[in-house]
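Undergrad: When we follow our numbering, the leftmost residue of the sequence shown carries the number 2, and every step to the right adds one. Don't be surprised by glycine CBs; every beta carbon is placed ideally from N, CA and C. Quantities reported herein were computed from a predicted structural model and do not represent experimental measurements.
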Amino acid sequence: ALPLPGFDTVADKDARGRVLVAGGCREVPGGVLLAAEAALRAGAGKLQVATVGSMAPGLALRLPEARVIGLPETAEGGLAPAAAPRLEELAERVDAVCLGPGMMEAEEA
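Put into structure tokens, the structure is as follows:
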């Protein structure tokens, strides 16, 4: 196994980078949760999670160190195409984006 990258212990969270994890759906919220936890374990300084609105409160409770953003969802519980402009806005303010974990609806994805 490859070790996780080390980071300067005196660096603050801004110096370690900002990550956006976007995805999930009502049926598979765990995909976005696992990707978000992996970003933190890899050393991300600030984490934002963007997911379907119905799952956002639960993820916020599981990830108190993250900013969790609820987005519009389809009737089936996936991210709605209407979420794209907000995702683009969020992505412009981070260093890395993980897009797609837990997204079940191929057409919307």
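Helix or strand or just coil, what does DSSP make of V146?
TA: Because the chain in this structure spans residues 2 to 110, residue 146 falls outside the shown range and cannot be described.
Undergrad: Check each candidate in A39, A85, L60, K47 and name the one with the smallest Cα separation from A12.
TA: Residue numbering aside, residue 12 sits at position 11 when the sequence shown is read from its first letter. Comparing C-alpha distances from A12 to each of A39, A85, L60, K47 shows the shortest one belongs to K47.
Undergrad: Mind listing, in chain order, the continuous beta strand (DSSP E) runs of no fewer than 3 residues lying wholly within the region 37-79?
TA: 47-53, 68-72
Undergrad: From L64, S55, E77, E93, pick the residue whose C-alpha is nearest to that of E106; which is it?
TA: As a working note, residue 106 is residue 105 in the sequence shown. Closest by alpha carbon: E77.
Undergrad: Are G79 and G24 touching if we call contact CB-CB under 7 Å?
TA: Position 78 of the sequence shown, counted from the start, is the residue given in the question as residue 79. Position 23 of the sequence shown, counted from the start, is the residue given in the question as residue 24. The answer is no: Cβ separation not under 7 Å.
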